[in-house]
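In what follows, a structure is listed as structure tokens, so that the remarks can point back to it.
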Amino acid sequence: MPRSWDLWFGIFVVSTLLALTISFLGLASDDPTLSKIFSYIGYALLIIIAIAAGVLLVLGMTSEDEGRRPSELQSSEDETRRHY
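For what it's worth, my numbering labels the leading residue of the sequence shown as 51, then goes sequentially.
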């Protein structure tokens, strides 16, 4: 896994925690208007984060072998066969 994936994972963890915190602030609020506003904002952020994570996962899966020469692909297949 490339190093940039560690950064993306960290961003997703922090943003998910932030969205959950906003949602729980909405649930804990006594004012019904603020409660709805915070809850909707938190839920919208969670949906956006889930969509972005899915897109990055698909892009990561499809671009895993891009930029590698056929000889490098063959050698990586040979290495995996040795492990099994």
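Built from N, CA and C at the ideal position, the CB exists for glycine as well.
The structure displayed is predicted, hence computed values, not measured ones.
In this structure, DSSP gives Asp56 a helical state, which the three-state scheme calls helix.
Between the C-alpha atoms of Ile61 and Ser79 there is a straight-line separation of about 27 Å.
Taking a C-beta distance under 8 Å as the contact criterion, Ser73 and Gly92 qualify as a contact pair. Linking Leu95 to Leu70 through their CA atoms gives a straight-line distance of about 9 Å.
Of all alpha-carbon atoms in Gly104, Ser89, Gly110, the one lying nearest the alpha-carbon of Leu68 is that of Ser89.
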